[in-house]
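If you read the sequence shown in the numbering used here, its first letter stands for residue 791, the second for the next number, and so on.
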Amino acid sequence: MTVWLLVISAFLLPTVYAGRRSLHAGRVRIDHVTLFSLGFIFYWVTPIAAGLVLDTEVMPATWTGLFDSRLLSPYLAAVVAIYAAFIAGDQLGGWVFRNSTAPDQSVNDRILRNEHPDQGRRLPPQILALFSGGAFLVLLAEIAVHRAQLFAPYSTDMDGEIARGNVTAWVVLLGSIVFLRISSAPRFDRLMFTRLILPFAAGALFLVADGSRLYVASFVLMFAVFRSLYVRPFSKKQVVLAGLFAAAVFGAVGALRGGSAITDAGLNVLLETVFTSMSLVYFLRYQHMAWLALPKYLLSDFSNLIPSFVFPGKASFIQAPYFFSPVGALHSFVSFNFNFGVLGTATFMFLLPVGLRWIKARDGAPLFRTMYVMLSGWLAFTFFRDGFSVSIVKAMFEHSILLPAAIVALVRLVELASQNVEPVQP
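What follows is the structure, given as structure tokens:
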């Protein structure tokens, strides 16, 4: 009975809070609260509920062998407390930055204001187009050079992982340029289909074909965040239909990739969270939750961003804990426990929405708007299913903060250089 009460609480708390924050005047705004809550329910709660409800024949044999309902109460109590910390941090951030993040301002005043953004902050479309064209050419070259690894049957060998990582990085760069472009436009609704989206769309289709569907799903959510906050909020019907369609498409892609029938699309969506939780049920059975921990593994992941010529001995500094993950994904609760412990994780989740609301409060600038949209988009999937080296370091810090900042800095340098070039006299 205690376990079921905790499961219901873990479902209801994010559902009610996200619903209250996302619904306004009968329409839906998708923001960091919406997507964090979606990922929380999907990855932290759904597999536990599935283990309690579904027959063992439906679940993977390894998973059912590790699952023990007697070990769930401490985990469920911890995740409820962690989400409560997220709520507290979001409320604090909303209060501190209330002048910039009030719900009515997001859906009415902001949209009207965004039709005429600050001219000094707009990024020249010609320079962004130049960057996009160059990045697309490099993407095509990467695909051509690594075609043997990319077009081979999916596996987790190192060469294939490196090839897919390089291609994904260039697609993310193209996506960043798209968001910077539409964030700089005076009429977002007419520029949602800017020509710069075409090379990004081509790269995204390649990622889906190559098996990286969740990266593309994250970008779909980023566009949903942008549209609902800065163009027009969605109706409830649009959200339901789009959600069902996206789940069907990505479930079908996953089923076909795994050699199953397309009719197994729904089961494939469930198995995504079940397979990801393999490391969780192993952790709950054979390891223990820490109250506090030092983030030494996360710090070592960040050290990998430092070039080798600056930090020659970084390879010896990189550390990784032991975890059980036969299918590759690493449940984020396990990562958080190794790096922060339960109390440290609650602190992290308290500070996360504060930081996101600080960025959102500055979204009058294309750079901060792009950062907020991209950071929010990663919260639903990557944040909860990948190790910190991918989710926090690469996707959120490198791709969503450093990369857009570098693009804007380069655009400004090119713009400044072009202004200082004297015209040739006839």
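From the three backbone atoms N, C-alpha and C, an ideal C-beta is built for every residue, glycine too.
Would you call the CB atoms of residue i and residue j closer than 8 Å?
| i | j | result |
| --- | --- | --- |
| V835 | V797 | yes |
| P1111 | Y1072 | no |
| L967 | S922 | Looking at the sequence provided, one finds Ile at residue 967 rather than Leu. Taking 8 Å as the Cβ cut-off, I967 and S922 qualify as a contacting pair. |
| F990 | G955 | no |
| M1186 | W853 | no |
| I831 | P804 | yes |
| V1015 | G1145 | no |
| F1113 | L1120 | yes |
| Y833 | F1065 | no |
| L1061 | L970 | no |
| A992 | V1006 | no |
Leaving out the 5 sequence neighbours to the left and right, which residues in its chain are closer than 7 Å to residue i when beta-carbon positions are compared?
| i | result |
| --- | --- |
| W1081 | G1131, V1132 and L1133 |
| V1204 | I917 |
| L963 | A925 and L1193 |
| A919 | L986 |
| Y873 | L803, P804 and F830 |
| I1191 | M1161 |
| K1026 | V818 |
| Y865 | L1074 |
| A808 | V823, T824 and S827 |
| P1218 | Residue 1218 is absent from the model: the chain starts at 791 and stops at 1216. |
Could you compute how far the alpha carbon of residue i sits from the alpha carbon of residue j?
| i | j | result |
| --- | --- | --- |
| I818 | A1037 | The question names Ile, but residue 818 is Val in the sequence shown. Distance between the alpha carbons of V818 and A1037: 19 Å. |
| V961 | L1070 | 31 Å |
| A800 | S1179 | 27 Å |
| F1143 | G883 | According to the sequence provided, residue 1143 is Pro. The question's Phe does not apply to it. If I take the Cα positions, the gap works out to 7 Å. |
| P1085 | V1183 | 13 Å |
| R1075 | S1090 | 27 Å |
| F887 | N1129 | 29 Å |
| L802 | S812 | 15 Å |
| Q1209 | M1164 | 31 Å |
| A875 | F1138 | 9 Å |
| A975 | T1135 | 39 Å |
| R810 | R937 | 47 Å |
| L795 | S863 | 10 Å |
| T846 | S859 | 13 Å |
| P1156 | V870 | 35 Å |
| L1057 | R1202 | 48 Å |
| Q881 | G1154 | 22 Å |
| M1079 | A867 | 12 Å |
| Q1077 | D1176 | 20 Å |
| V935 | L929 | 10 Å |
| A999 | V1030 | 25 Å |
| A1207 | V1059 | 50 Å |
| H814 | L861 | 40 Å |
| A1195 | S973 | 14 Å |
| Q895 | I877 | Confidence is the limiting factor: at Q895 the pLDDT is only 47, short of 50, which leaves the residue's position unreliable, though a coordinate-based value still follows. Taking the straight line joining both Cα atoms gives about 21 Å. |
| I1197 | V848 | 47 Å |
| A959 | T792 | 45 Å |
| G1147 | L927 | Note that residue 1147 corresponds to Arg in the displayed sequence, not to Gly. Rounded to the nearest angstrom, the two C-alpha atoms are 36 Å apart. |
Give every residue of the same chain whose Cβ lies closer than 8 Å to the Cβ of residue i, excluding the five residues on either side of it in the sequence, and list them in chain order.
| i | result |
| --- | --- |
| I933 | L940, V957 and F996 |
| L1141 | G879 |
| P1116 | T852 and M1068 |
| V1124 | S1069, L1070, F1073 and F1113 |
Specify, as a first and last residue, the run of the alpha helix (DSSP H) that residue i falls within.
| i | result |
| --- | --- |
| P1156 | P1156 to W1168 |
| N1127 | S1122 to N1129 |
| E932 | P915 to V935 |
| M759 | No information on residue 759 is available, as it lies outside the stretch 791 to 1216 that the chain covers here. |
| G855 | A851 to L856 |
| Q752 | Shown here, the chain extends from 791 to 1216; a query on residue 752 therefore has no answer. |
| F830 | Premise fails: F830 is in no alpha helix (DSSP H) and is neither H nor E. |
| T1172 | T1172 to R1175 |
| L732 | The requested residue 732 is not part of the displayed model; the chain covers only 791 to 1216. |
| L1074 | M1068 to Y1076 |
| I1182 | Taken as a continuous stretch (DSSP letters only), I1182 belongs to no alpha helix (DSSP H), as it is neither H nor E. |
| A994 | I987 to D1000 |
| D1091 | K1086 to S1093 |
Please list, in chain order, all residues of the same chain as residue i whose beta carbon is under 6 Å from its beta carbon, the five residues on each side excluded.
| i | result |
| --- | --- |
| A1170 | L825, L828, G829 and L1011 |
| G841 | F857 |
| F1024 | V818 and S1018 |
| I1149 | F1158, M1161 and Y1162 |
| I820 | A1014, V1015 and S1018 |
| D899 | Note that D899 scores 49 on pLDDT, short of 50, meaning its location in the model is unreliable; the coordinates nonetheless yield the value given after this. Excluding positions up to five away in sequence, the list is empty. |
| S1181 | T1172 and F1173 |
Would you list the one or two residues that DSSP bridges to residue i?
| i | result |
| --- | --- |
| V818 | L813 and F1024 |
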